[in-house]
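Chemist:
In my numbering, the protein residues as written are 928 to 1162.
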């Protein structure tokens, strides 16, 4: 989970139980600079009273909210919020959530290429990986769209809507790397001249708060030219 400095952050803990059973709920905040029993002394943290909602058929839902106000990356970053639940039998259950606090949203695209124009042979395979560093560093917070326009600059086409038969040649994958960056990669095998054009990555962070584009121009050589060069090279 993440939030930004100066914001108000609220998290709810919900439990459904039978009406006759008794359950106790408690919030604990784990921080290196604050002992857990000091939580109620800190004015930036508020815990609501437990609310009960009757669901019918002898069941009810209990809920408690924890609210953190005036968030500070230096003081509260990396906090662990724990909802501790136990019943009369002293059976315990807990849910833990780590809160990452950022100073402000940001988005950077790292291409890792000396040139944004590439020329490749016909029938070869081509792949391109782009790294993105963002705040928050969360795949759910960023939307990545790949577009393609041809060398005549016609209307670009969203690659996720390409014909089904092309999916045997084109793959797009997105993941989080071990270094913390978000990686997106496009792979095309058995290139043909029609694959030439501009490939545009559009990164949309936090529903349009930050939008950045990266364009790579690809030129696939004519198959007869490419094969001729290859033939002379291997001779």
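Cβ atoms here follow ideal geometry from the backbone N, Cα and C, with glycine treated the same way. Note that this is a predicted model, so its numbers are computed, not measured.
Are the segment 929–942 and the segment 1014–1031 touching by the rule of at least three beta carbon pairs closer than 8 Å?
Modeler: Enough Cβ pairs lie closer than 8 Å, so yes.
Chemist: Need the endpoints of the beta strand (DSSP E) that residue 1058 sits in, please.
Modeler: It spans 1053–1062 - the beta strand (DSSP E) in which residue 1058 sits, taken as one unbroken run.
Chemist: Going by the beta-carbon positions, is the gap between residue 1035 and residue 1000 smaller than 8 Å?
Modeler: Not in contact: residue 1035 and residue 1000 (Cβ atoms no closer than 8 Å).
Chemist: Report the rounded CA-to-CA distance for residue 1055 versus residue 1148, giving the unit in angstroms.
Modeler: Rounded to the nearest angstrom, the two C-alpha atoms are 18 Å apart.
Chemist: Which value, in whole angstroms, describes the spacing of the CA atoms of residue 950 and residue 988?
Modeler: Distance between the alpha carbons of residue 950 and residue 988 is about 11 Å.
Chemist: So who's on the other strand from residue 1010, going by DSSP bridges?
Modeler: DSSP output for residue 1010 lists 954 and 1022 as bridge partner(s).
Chemist: Within a Cβ cutoff of 6 Å, which residues of the same chain sit near residue 1045, ignoring the five residues on either side of it in sequence?
Modeler: Excluding positions up to five away in sequence, the list reads 1145.
Chemist: Keeping to the same chain, check which residues put their C-beta closer than 7 Å to that of residue 1122; ignore five residues upstream and five downstream.
Modeler: Within the same chain, residue 1122 has close Cβ partners 1115, 1145 and 1147.
Chemist: Report the three-state DSSP secondary structure of residue 940 (helix, strand or coil).
Modeler: Strand, per DSSP.
Chemist: Start and end of the beta strand (DSSP E) containing residue 1149?
Modeler: It is not in any beta strand (DSSP E) - residue 1149 carries neither H nor E in the DSSP assignment.
Chemist: Could you compute how far the alpha carbon of residue 1043 sits from the alpha carbon of residue 933?
Modeler: Each residue's alpha carbon lies about 39 Å from the other.
Chemist: Nearest CA to the CA of residue 1150: which residue from 1075, 1143, 1047 and 1099?
Modeler: Among 1075, 1143, 1047 and 1099, the Cα nearest to that of residue 1150 is on 1047.
Chemist: Mind checking which residues open and close the beta strand (DSSP E) that includes residue 1096?
Modeler: Element bounds for residue 1096: n/a, residue is neither H nor E.
Chemist: Does the beta-carbon of residue 1005 have 16 or more other beta-carbons within 10 angstroms, so that it is buried, or is it exposed?
Modeler: Looking at its Cβ environment, which holds fewer than 16 other Cβ atoms inside 10 Å, residue 1005 is exposed.
Chemist: Report all residues from its chain with a CB closer than 6 Å to the CB of residue 928; omit the five preceding and five following residues, and keep chain order.
Modeler: The answer, listed in chain order, is 1024 and 1026.
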